[in-house]
Each structure stands twice: as C-alpha cells, then as structure tokens.
Amino acid sequence: MIDLIYKIGHFLLITVFATALGLLFMGIARKIIARIQKRYGPPVYQPYLDVLKLFGKDAITHGFIFDFGAVMALGGVIATLFFIPLGSWQLYSMEGTVLLVIYLLAVASLGMAMGTVGSGNPQASIGISRALTQMLGYELPFLVILFSLIFRYQTSSIWGLMQAQAGSFLNWNLFAYPMMALVAFVVLIGMMGKKPFDAMIAPSEIGSGPVVESGGKYLGMLLLQKSITIIIELALYVNLFLGGADNIFSFSFKMLIVWILATMFGSLFPRFRIEDGVKFFWKWPLGIAILQALYIII
Amino acid sequence: MLTKYIFVPAAAAFAAYILNKKNKKAGATITALVSAYLLLSLALIYGSWELNQSFNLSLMGYQLEFLMALTPLSWLFAVLTSAISLLIAVFSIDSQADFKFSSVFNLNFLLVIGSIMGVLFARDFLTLFIFWELMTWTSFYLISSGKKKMAGRAAYRYLILSAAAAYSFLMAVIFIFQQTGSFAFEPAAEFLLNNSAPQSILLLLAISLPFWVKAGIFPLHVWVKDAHGNAPKEFSPFLSGMLLKVGFYGLIVVFHQLSFFKIIENTIAYRGLPLLSYLFALLGAVTIITGTILAIRQEDMKKLIAYSSISQMGYIIIGIAIATPLGFSGSMLHLMNHLIFKSTIFLALAAVIYRTGTTKMYEVGGLIFRMPLTFAAYLTAIIALAGIPPTNGFISKWVIYQALIEKGYLFLALAAFFGSIASFMYVFKPLSTVFLGQLKPQHQEIKEVPLLMKIPMLILIGVIVLFGVFPGIQMNIISQISGDLGIETVNYSLYSIQGAFGAWNSLYIFNVFAAGFVIALLVFGLAKKSKLVGLLDTYSSGEYVTDAESYHYAYQYYRPFDRLFDNLAAKSLTGFYETLTANLLKSGESFRRIFAAGRVQNYALYSVLLFVILAAVGWII
Amino acid sequence: MNNNFVKGSWQEILDWAQNKSINMLHYCTGCGAIELPPTMTSRYDMSRFGIGPAATPRQADLLLVTGYLSTKTLRRLIYTYEQMQAPKFVVGFGSCTINGGMYWDSYNTIKQLDKYLPVEMYIAGCMPRPEAILDGLLKLKKMINNGEADGYQRYQDNLEFYHQNQEAVLGEVQRTQ
Amino acid sequence: MRNEKELLELINVHLEPQAVEIKREQNVSVELAPKNLIQALSFLKSHSYQHLSTISCVDWLEEGAFELVYHLFSYDDYINISLKTRIKREPGIFQTAKEIWPVAEFYERDIHEFFGVEFKGNDNLEEMILENWQHLPPMRKDFDTREFVNDQYEWRDYNGQKHTD
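Protein chains in written order, with UniProt numbering: chain X, 1 to 298; chain E, 1 to 621; chain G, 1 to 177; chain C, 1 to 165.
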C-alpha cells in the first residue's frame with residue numbers, strides 16, 4: 001500500500017516537474033527569439049499564464065473523438081515520460097528501451113492527429129498529412145543513429161546507453177561521435193517542429209494546422225503535451241549524447257543548453273516546403289548517419 | 001486422424017453449395033460450423049506431435065506413398081486457418097445477404113480451407129503439390145467471384161506466375177524422385193544434403209518458387225494488389241491474413257525441413273549470414289519499401305491495405321531469412337500478429353463497404369459517428385499495424401529490430417524502420433478519410449453493422465490487446481516450433497520477452513499507460529465542460545460552410561510525399577511487365593523446339609531461368 | 001467556506017491570467033491592418049504585454065476589427081465572433097468602426113460597430129498609430145483585470161437587440177450551429 | 001500592325017460608326033448603334049482585337065440612356081478601342097457578348113447587379129458582390145445614397161448632437 005502511494009506520488013511529481021520545466025523552457029525560447037529579433041519579449045512565465053487562461057476559457061468539442069484525441073495525446077506523453085531517466089530520477093527507465101520510447105511518442109502523435117482530424121476541419125487534415133510526412137523524414141536518420149548506438153554499446157536501454165558514457169566528458173557521444181550528435185541535433189529540431197521544419201503548423205496558410213479547431217482546455221492540454229514532449233526529446237538527446245547526469249539539476253541544465261541552441265538555430269531559418277524538408281533529411285542527416293553506422297559496424 | 005481436416009470441409013463444401021441455393025445464410029453458417037469443429041478438434045490434438053498417417057497407392061509400377069503428419073508448425077497454421085475462417089464465416093452470415101455468388105463463395109471457401117489443411121499436413125511432395133494446386137485454383141475462383149470483374153491482364157499475370165512456379169516445382173520434385181525413388185520429405189532432405197551444393201540449391205529454389213509467389217515477395221508480388229482489389233470483401237481478410245502466410249509455411253519447410261539453410265551454411269557469408277540468405281532478406285527489404293511507397297499512393301482502401309500486406313510480408317521474410325532465434329521468433333510472432341490485425345482491418349473495411357458500397361476512400365467520410373464499433377476495430381488494428389505499444393504489433397516488430405541490430409544488418413534495419421514509420425502514413429489515411437472528417441449527406445442514415453458482423457471484430461480487438469499484454473501465449477507455441485526445427489529458443493515468460501539488448505515487459509508498459517491516461521483524464525475532467533458543436537461549424541476563414549462534400553480533405557492525402565516518388569511509380573505503371581511477358585510467350589514456341597529434347601533437370605533449370613528473367617523485368621506494378 | 005467567495009476569487013485569478021495573456025485575431029478588413037506589424041515587431045513589441053497573434057478564432061480572445069466593415073464583411077465577422085470562445089473581447093479600430101469615417105455616406109458600410117457586436121472599446125484615429133494601439137490595448141488589459149470587459153455577457157444578455165440590428169442590415173444571418 | 005488612322009479607316013469602311021475619335025495615342029473611341037455592336041465586336045475580334053478588358057456602364061439619367069462601353073485591346077496593334085453604345089434606360093435590355101468572350105458573362109453580371117441592365121442570353125445574372133440587395137441597383141443615378149444611408153443605418157449620437165449633413 002505504502003509502495004503504491006509512493007509510486008503514485010512519484011508519477012505525479014515527475015509529471016508536474018516535467019510540465020513546469022517544459023513550460024519554462026517555452027517561455028525562455030520566446031524570450032530568446034524576441035532578443036534575437038531585438039524585441040523585449042514576453043515575460044519568461046508567459047506560458048504558465050497562457051495555460052491558466054486556456055483552462056479558464058470556454059471550449060467547444062466536435063464529438064467524442066475530439067475529446068479522446070486530446071486525452072490520448074496528453075496521456076501518451078505522460079506515459080512516455082516515465083520511461084525516460086531524468087538525471088537520477090527514474091521510474092521505469094530500466095525497462096525503457098530507446099525503441100520503445102520512440103514508438104511510445106507515436107501514441108501521443110496518433111492521439112493528437114486523430115482528435116484534430118476528428119474535428120472535421122480540412123486544414124487540420126492537411127497539417128497532419130504534412131506532419132506525418134515530415135516524421136518519416138526525421139525518424140529515419142534518428143533510427144539509424146539509434147541502430148549504431150545500440151550496436152556500439154550492446155544495450156538498448158536508455159539507462160545503459162547513459163552509463164556507457166560515464167567517466168570523463170570525453171566519453172560523451174557528443175565528443176566520441178560528433179557527426180552523429182550533429183545529425184541528432186538536426187533531427188531534434190525537426191522533432192520539435194522548429195523553424196526550418198514547421199510547415200505542418202504554418203499559422204497563416206493552414207490556420208496553425210493540427211490545432212486549428214482547438215480552443216480553451218483542448219489547446220491547454222495540447223500545450224501541456226507540447227511542453228512534456230519537449231522535455232522527453234531533450235532528455236533523450238541529453239541521455240544519448242551528453243552522458244546524462246547524476247542529479248536532476250545538472251540534467252535540467254544540460255537540457256537547457258541544448259534547448260537554447262536549438263531555439264537559436266531554429267530562429268534563423270525560413271521554412272522548408274514539406275517534400276524539400278523530407279529530401280533534406282534523407283540527403284544530409286541520413287547520409288551522414290549511414291556513414292557513421294557503417295563506420296561503427298565495420 | 002488427419003484426413004478428416006481435409007475431407008470434412010470438402011464434404012461440407014458441397015452441402016453448403018446446395019443448401020445455400022435454398023437459403024442465403026446456410027452456406028456461411030455451415031462454413032462457420034465446420035471451422036468451429038476444425039478449431040475444436042485441433043485444440044484437442046495439441047501436443048500430440050507424433051500423429052501421422054499414410055496411404056499407399058500403386059500406379060504404373062511405382063509405389064506411391066502419401067504421407068501426412070502433425071508438426072507444431074502445421075498445427076499453428078491449421079489453427080490460424082480455422083480460427084480466421086470461423087470469424088470470417090460468422091461475419092459473412094449477414095454481410096453476404098445481397099451477394100450473388102454466395103453459394104460458389106462458400107463452396108470455394110471450404111475447399112480452400114480443406115486444401116490448406118492438406119498442404120499443412122503433407123509430408124511428401126506429391127500430396128503437397130496436389131493440395132497446393134487445389135488451393136491455388138479454388139482461391140483463384142474465389143478472387144474472381146468478386147463483384148468487379150478481374151481484369152484480363154491481372155488474371156493473366158496471376159496464372160502465368162502460378163503456373164510457371166508450379167512447373168518449376170514439379171520438375172525439381174520429379175528430378176528428386178528419380179534420384180531417391182520417393183516423394184517424401186526426409187529422403188529428399190537427405191539426398192539434397194549429400195548432393196553437390198549448387199545443384200541442391202537450384203533444385204530447392206525451383207521447389208520454393210510457388211511459395212515465393214504465394215507470399216508475394218518482391219518482384220513476384222505483382223498479383224497481390226489486383227487479387228485484393230477484386231476479391232469479395234469477406235475473402236480479403238483470409239487472402240491477406242492466411243493465404244499469403246501459407247507461402248511462408250512452404251518457405252519454412254524448404255529452409256528448415258528440406259535443410260536449405262544447412263546446405264548453404266558454408267557458402268560465402270556476409271556478417272555471418274550466407275549470401276543467399278542475405279539476398280532473401282534484401283528481397284524482403286525491397287518488398288517493404290516498394291509496398292510502403294505504393295500503399296501511400298492508393299485511393300482505394302482495399303488496395304492500400306493490400307500493398308500494406310506486401311510490405312508487412314517483407315518483415316516476415318527478413319526474420320525467416322536471417323534465421324537467428326530472435327529473427328525466427330520475431331517473424332513467427334509477426335506472422336501471427338499480422339494475421340490478426342490485418343483481418344481486423346479488412347473486416348472493418350468490409351463493414352464499411354457493406355454499408356456504403358464503395359471502396360474509394362474519398363467517397364466516404366465521417367463514419368465514426370455512425371459506425372463507432374467498426375472505427376474502434378480499425379483503430380485498434382492500425383495501432384497494432386503501426387507497431388505502437390501496448391499492442392501485439394509492436395512486440396513482433398521490436399523482436400525483429402532486436403534481431404537485426406544484434407547482427408548489425410544496417411540496410412535491412414533501415415528498410416524495416418522505413419516501413420514501420422511510413423506505416424503511420426498509410427494507415428492514417430483511411431482513418432482520416434473514411435472514419436473521420438465530414439460525413440457525406442448521402443451517408444447520414446447509415447447504421448452500425450448487424451450483431452453477427454460486430455462479434456468477429458470485437459473478438460479480434462480482444463485478441464490484439466490480449467497478445468499485446470501476454471505475448472507469452474504466442475511464444476509458447478513458437479518455442480515448440482523452434483525446437484522442432486532445431487532453432488534455439490528465446491527466453492520468455494507470460495508477459496515478457498528477452499531480446500538481445502534488454503527485455504520487453506508488457507506488464508510495466510500497461511501499468512504506465514494506465515497511469516498516464518488516468519492523469520490525462522483527470523486534467524480533462526477537472527477542466528470546464530465543453531460545448532458540443534457540429535462538424536461543419538469549423539474555422540473556415542469566416543465563410544459559412546454548407547457543403548460537407550467539398551469540405552473533406554481526402555483525395556491525394558499525401559501529395560507532397562507522392563511527388564517524391566512520382567518517377568518511380570510512373571515507371572512501374574508502364575505495362576512494361578505485360579509486354580515482355582507476352583513477347584516471351586510468343587517466343588516460347590521456338591524455345592520449346594530447341595530445348596524440348598533436354599533432360600528433366602534441364603526443365604527445372606529453364607523454369608528457374610525463366611523466373612529470373614521475369615523477376616528482372618517484373619518491375620513493380 | 002463561502003462558496004461565492006471561492007468562486008469570486010477564482011474568477012479574479014482567471015481575469016488576472018486573461019489580462020496577462022491575450023491572443024488577438026486581427027480581422028484585417030481595412031487599412032488598419034498595416035498598423036499592426038510595427039506594433040507586433042521589434043519597434044513597439046506588443047508581446048511584452050503578453051499580447052500575441054492567434055491563427056484561428058478558436059484560439060483567440062480578442063477580435064480586432066481593423067477598419068471599415070461592409071455589410072458583406074460584417075456577416076463573416078459575426079460568424080467569426082460566434083466561433084470564438086468566451087471570455088472574448090471586441091476592439092474597434094479607427095474612425096470607420098466608430099461612425100463610418102470616410103465611408104460615412106457609403107450605402108454598404110456600417111456606421112457603428114457596437115450596434116452589431118459588443119465592443120469593449122474603440123481606438124480612435126484614421127488610422128491609429130502603434131502608440132495609440134498600445135495605449136488602447138493597455139487600457140483593455142486594465143478593464144479585463146477589473147472584470148469590466150464583459151462584452152460577451154452583454155451579447156448574451158441582449159441577444160435580441162444584437163440579432164435585430166444584424167438582421168436589419170443583413171437580412172438572414174447564418175449562425176454557428 | 002496598324003496605326004490609329006488605319007484602324008479608323010477599317011472601322012469606317014466596315015462598321016457604320018456614329019462617331020469616331022482618336023482620344024490620344026493608342027486610344028480610340030468609337031460610337032455605334034446598339035444593333036451594330038455585337039457584330040462590331042466579333043468583327044474586331046477577328047481583326048486581332050482579342051482582349052476584352054472590361055465592360056463599363058454609364059448612367060445618363062437626363063438623356064434616359066445607359067451607355068455601355070466595351071474596352072478592347074489588340075496585342076498586334078497596341079491600341080485600346082472603347083466601343084460605346086447607348087441603350088434606352090427603360091427597360092434597359094441589351095444582348096450578351098458571352099458567345100464572343102465567355103468572360104463577358106462576369107462583366108455583364110456585375111453591370112446587371114449595379115445598374116440593373118438585363119443582358120439577353122446571359123442566364124447567370126445572380127448577385128455577385130452585394131448580398132440580399134432589395135433596393136434599386138446602387139450605382140444608378142436615381143438611387144439616393146444619402147437617403148438610403150439615413151434610412152438603413154443610424155448615425156452615432158454624440159451627447160445628444162446627432163451627426164447631420
């Protein structure tokens with residue numbers, strides 16, 4: 001019983017922490033982009049206010065699939081979160097293999113896609129069709145990278161991959177396999193839908209794409225989902241390439257560094273057309289990833 | 001008694017044909033009863049692997065022996081066959097009410113079941129060949145009894161492929177018979193092992209040709225799409241779920257029981273895998289990629305899922321070809337799981353076709369509010385197909401990935417990853433265009449399908465989740481098969497599988513999922529209640545929309561992606577294949593004159609050569 | 001515990017959050033839209049007050065009517081307003097929305113926006129400069145924080161009045177289902 | 001390649017114009033009787049005047065006539081022609097030019113909407129820009145905009161002082 005309560009408490013704690021951290025990161029990103037554009041920018045705590053406001057607003061739904069999609073999107077990322085080691089914090093991360101996490105993230109994407117397309121708005125469908133196409137673009141190099149990492153360290157658990165880089169910081173995959181880390185960084189930007197790869201949420205062409213019909217608490221839930229997704233993706237990157245960390249503070253710090261770099265990188269580019277984005281991913285990141293993988297397996 | 005599995009369906013077939021003339025529902029009911037009987041009696045003989053049976057026949061001085069036996073492999077396939085035919089038969093009791101050829105359908109369906117049983121229990125080439133041909137022809141009649149006429153070229157293609165493959169099989173078998181004086185598997189395997197390796201390999205390739213064709217492996221997959229597009233909607237689940245798999249049964253028999261892998265064991269190898277096996281696996285990889293790319297382009301839901309079947313067959317052949325314990329277990333798991341989720345998809349689509357009468361995806365939409373259970377079945381199945389935990393589809397793909405990474409087969413893994421990620425795209429297309437989006441005005445009055453059609457879908461949903469949580473049930477029989485074939489077994493328990501780099505534990509996954517969803521539900525439930533509005537009340541830049549028909553994004557859903565592969569697809573659609581086949585047939589007469597005087601084994605060689613040529617020109621359709 | 005007190009304070013918190021975070025849907029009907037880019041970008045940067053653009057009415061809190069409204073546009077504006085979720089605010093922009101402005105004698109331009117939609121406030125000018133816009137929006141924030149911006153409630157309470165006026169100039173009005 | 005003079009010669013010979021005028025370089029104005037107009041259009045189209053820029057309409061209230069102006073352009077001559085014709089204001093019926101230029105259908109629809117001119121043979125004369133318009137066509141001279149506005153809209157009340165003109 002105590003064990004169960006402890007576990008439930010742990011579940012809630014991690015969820016709340018990741019949400020809060022993700023929202024903070026989003027606020028930091030807005031500030032950074034503002035400064036790059038020589039603006040003052042909104043306060044860092046702006047995303048918290050946004051979420052609070054959205055949950056206070058009225059909302060409309062387009063039927064049960066719209067509701068189910070939002071719940072599935074948020075539930076999917078929360079479930080994924082428990083498999084990721086966050087510094088020394090880990091719930092099920094021993095069982096969490098990298099491939100599992102990649103596919104678990106798909107649950108959330110599927111939920112979001114289903115719910116938003118269920119609204120009956122064709123702009124949502126167009127956004128989803130773009131998002132899925134782009135996903136094929138960036139997942140392929142990323143999976144090749146995971147292939148090489150798993151083959152290199154002979155373990156597929158994230159914890160194990162993190163442990164394999166222990167010792168000096170020169171053991172980090174960032175320094176051991178810099179090309180791979182670079183490819184993963186580009187993939188990370190694609191995953192987070194940052195600037196060159198944001199054709200699926202193009203606000204002025206397709207009315208922000210997938211979230212076109214989401215208002216009020218639906219948008220709030222998708223915002224929470226987005227914030228947790230950011231944390232998952234950053235944590236994955238930090239664990240795989242920056243050697244993880246042994247406490248949550250230095251782990252958060254490492255995530256912050258990656259996030260700031262990704263934000264700055266993303267604020268410099270115009271937007272790829274969707275097939276050009278896929279072509280780009282299959283040309284450079286995939287090519288480099290394959291070369292790196294060949295180097296490792298031979 | 002193994003013969004009853006063949007003769008009971010065969011006898012029932014004619015009864016069904018006659019009775020169905022009186023009552024439209026009788027045929028399907030009989031099929032259901034027979035399948036249930038087969039399933040039950042198969043369950044009773046589980047474990048008695050020593051069961052066998054033989055007949056002797058004296059013909060023209062030859063002593064012919066027909067051998068039948070039960071192995072774990074054939075037991076599994078037989079159970080799958082009877083289970084899926086039971087579900088389909090229950091489904092078609094109602095769905096065939098307006099089907100003109102339902103008598104012929106049930107006649108042929110029962111004959112197909114019987115002949116598959118014959119193929120599965122056969123332990124000699126003659127029995128195998130007889131039932132194989134019976135299966136091919138009856139299933140061909142079944143396919144062409146679909147409401148649409150099977151296009152002449154498609155039928156031609158199917159016949160050419162099957163007949164050529166059958167000839168090559170027969171030639172090779174007769175050659176072996178001349179050498180050993182027996183049609184049985186064991187002496188043949190012994191002979192092949194001791195024979196010179198190149199000749200054995202050639203003979204075995206010739207023998208395996210019909211199985212490659214049936215499994216729909218690139219470049220012999222050209223018949224699959226047309227067969228699926230034209231088959232009656234109730235037969236599609238069986239065609240994709242079971243009939244393609246019988247090809248894999250044959251391949252496993254050739255690879256393991258006829259000791260193909262033992263023969264090539266010592267040939268040139270790549271990363272510890274004989275080059276020929278690697279070639280097979282590469283064929284699987286190409287199959288995955290072509291099937292996937294073409295599936296994304298389809299506008300017809302049955303053809304889309306047919307191409308998806310082709311690509312999923314690629315995973316199975318990769319696993320079988322690399323023949324590691326994990327690979328074999330993974331592909332057997334995938335074989336079973338593919339049967340389950342693909343039948344679910346086809347049944348759900350059959351329900352849609354039953355209600356709307358169209359297979360074009362852009363002609364329907366928004367059916368979720370009219371057919372929620374069909375939607376649930378489709379959703380569960382595609383989650384499994386896309387390999388998303390916690391369903392059975394993820395487990396099998398996960399095991400196959402582990403097998404590929406373990407050995408470092410980069411390019412096979414790349415194809416597997418590609419197929420898996422891209423499967424999100426093609427399974428989401430019917431979800432989005434058929435079930436979600438705007439409901440067409442002419443479909444406003446549609447109702448959910450009748451109870452008898454719901455039951456099979458419900459059962460299949462249950463099975464998908466069950467095997468997703470307890471893969472140990474499947475691993476139990478798979479480990480017996482591996483043991484029987486002499487492959488090492490994989491460690492497993494009821495809800496976990498030990499991979500090469502870490503274990504899969506479905507119980508944890510399930511717990512965590514429950515926790516995540518509960519938290520999300522809490523967030524959702526504690527927030528303000530939302531107001532329900534109609535599907536046409538959406539953001540349309542201020543314009544008031546009244547026309548649901550034009551407000552549904554369905555046609556050419558992935559146009560940007562398709563644009564990347566337009567050149568490839570255009571090349572495959574030129575009919576190159578047909579013209580070359582026709583030219584080959586024309587020159588066949590002169591070929592015959594030159595080579596007819598040759599020895600029997602030459603025939604086998606020519607067949608193989610013909611096939612290599614066909615394969616080379618048979619660029620994807 | 002007084003239930004009304006709890007409700008009241010919760011409402012105050014929501015009002016506060018609302019005033020700090022406003023997503024505006026700029027309905028670019030006239031020349032006023034051109035004044036918004038400088039207001040949003042680095043010169044004036046309205047995002048430092050928590051005001052940002054929204055892509056669709058579902059996500060928006062504030063409807064900016066940036067210029068004259070012909071009757072044809074008014075029909076779309078009403079539809080858009082009804083698609084927005086409460087709490088929602090309307091701000092009229094420039095003299096055209098106040099009294100018709102330079103289109104005062106045009107046969108198909110409405111003269112007073114507040115007869116058709118519940119306007120929280122007008123920003124005068126032809127066109128208002130970014131300073132005026134920022135000043136107006138800051139006043140709106142204050143109003144929201146004090147709970148004075150209650151247009152959506154006024155709209156509900158006087159539905160008859162608004163519908164009558166709308167139908168007087170538009171004939172039949174299509175509304176959200 | 002004709003110049004303006006040659007063009008006028010061509011028109012004088014073939015088209016029975018009521019008045020012709022070279023307004024300025026590359027701009028020619030021709031007045032025709034209504035019965036000759038459609039024929040003139042097809043004649044000019046066959047003589048390289050293939051582009052119908054627009055059709056405009058002028059309401060001559062005192063003279064009781066609508067003046068229809070067809071603006072043609074030639075990519076060979078680089079000359080604009082304005083073909084003008086006056087039709088009776090009541091009942092205001094004319095032939096369609098839809099058979100010669102399909103695009104004329106839209107211009108005629110527009111003129112019908114704002115002036116009330118009927119075009120025989122054009123069956124697509126529904127509302128295009130206005131919505132639910134119940135009054136006189138608004139561009140006619142006898143449509144009193146001021147009165148309509150006073151009627152339809154309310155002026156804003158500035159502390160009791162009504163806005164008046």
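Just so you know, even glycine gets a beta-carbon here, dropped at the ideal spot from N, CA and C.
Contact list for residue i against chain G, beta-carbon separation under 8 Å
i                : result
GLU131 (chain C) : THR71, LYS72, ARG75, LEU170, GLY171
Beta-carbon contacts of residue i that lie in its chain and below 6 Å, excluding the five residues immediately before and after
i                : result
PRO560 (chain E) : none
GLY250 (chain E) : PHE211
MET40 (chain G)  : MET46
Of the residues the options, the one placed nearest residue i, counting alpha carbons only
i                : options                                : result
ILE262 (chain E) : E:THR31, E:ILE289, E:PHE428, E:ILE487  : The question names Ile, but residue 262 (chain E) in the sequence shown is Lys. Ranking the options by Cα distance to LYS262 (chain E), first place goes to E:ILE487.
LEU63 (chain G)  : G:PRO53, G:SER70, G:LYS72, G:THR71     : G:PRO53
THR136 (chain E) : E:ILE160, E:ASP124, E:PHE121, E:ARG123 : E:ILE160
LEU64 (chain E)  : E:PRO72, E:LEU70, E:SER54, E:LEU73     : E:SER54
ASN106 (chain E) : E:PHE91, E:LEU120, E:VAL119, E:GLY118  : E:PHE91
MET139 (chain C) : C:HIS112, C:HIS14, C:ASP157            : C:HIS112
PHE251 (chain X) : X:LEU236, X:THR263, X:MET264, X:MET72  : X:LEU236
Cut-off 8 Å between Cβ atoms - residues of its own chain near residue i, not counting five sequence neighbours on either side
i                     : result
ALA26 (chain E)       : ALA16, LEU19, ASN20
VAL213 (chain E)      : LEU161, SER162, ALA165, LEU220, TRP223, GLY247
PHE501 (chain E)      : GLN402, ILE405, GLU406
LEU256 (chain X)      : PHE25, ILE28
GLU167 (chain G)      : VAL173
residue 624 (chain E) : Absent from the structure is residue 624 (chain E), since the part of chain E shown begins at 1 and ends at 621.
Proximity test, Cβ basis, 8 Å: residue i and chain C
i                : result
ILE123 (chain G) : no
Sequence-distant residues of the same chain with beta carbon closer than 7 Å to residue i, five excluded per side
i                : result
SER42 (chain C)  : ILE100
GLU234 (chain E) : ILE88, PHE91, SER92, SER95, GLN96, ALA350
Cβ of residue i within 8 Å of any chain X Cβ
i                : result
PRO37 (chain G)  : no
ALA295 (chain E) : no
Any chain E beta carbon closer than 8 Å to residue i
i                : result
MET112 (chain X) : no
PRO57 (chain G)  : yes
VAL144 (chain X) : yes
ASP58 (chain X)  : yes
GLN83 (chain G)  : yes
Any C-beta of chain G under 8 Å from that of residue i
i                : result
GLU543 (chain E) : yes
ASP547 (chain E) : no
GLU127 (chain C) : no
ASP226 (chain E) : no
Interface residues of chain X facing residue i [CB-CB closer than 7 Å]
i                : result
GLN174 (chain G) : The contacting residues do not exist; GLN174 (chain G) stays about 17 Å from chain X at best.
LYS20 (chain G)  : LEU49
LYS303 (chain E) : Near LYS303 (chain E) there are no residues of chain X at all, since even the closest Cβ is about 19 Å away, more than 7 Å.
Residue i CB to nearest heavy atom of the ligand ADP below 7 Å
i                : result
GLN134 (chain C) : Questions concerning the ligand ADP fall outside what the structure shown contains, since it holds no ligand whatsoever.
Within chain E, partners of residue i - CB distance below 7 Å
i               : result
THR80 (chain G) : GLY542
9 Å Cβ cut-off: residues of chain E touching residue i
i                : result
GLN156 (chain G) : Ordered by position in chain E, no residue passes the 9 Å Cβ test against GLN156 (chain G), which lies about 13 Å from the chain.
Interface partners of residue i on chain C, CB under 7 Å
i                : result
TYR107 (chain G) : PRO138, THR145, PHE148, VAL149
Chain-ordered chain C contacts of residue i [CB-CB under 9 Å]
i                : result
GLN112 (chain G) : TYR153, GLU154, TRP155, ARG156
Proximal residues of chain C, C-beta to C-beta of residue i below 8 Å
i               : result
ILE98 (chain G) : ARG156
Requested in this report: Jot down the residue ranges of each uninterrupted alpha helix (DSSP H) in the segment 20-108 of chain G, minimum 4 residues, whole runs only, in chain order.
Outcome: 36-40, 71-83, 95-99
Query - Whole alpha helix (DSSP H) elements within the segment 247-286 of chain X, 4-residue minimum - result: 248-266
Query raised in the report: Going along the chain, which unbroken runs of the beta strand (DSSP E) with 3 or more residues stay wholly within the segment 143-231 of chain X?
Result: none
Requested in this report: Tell me the start and end of each unbroken beta strand (DSSP E) in the segment 3-60 of chain C that is at least 3 residues and wholly inside, in chain order.
Outcome: 19-24, 27-32, 51-60
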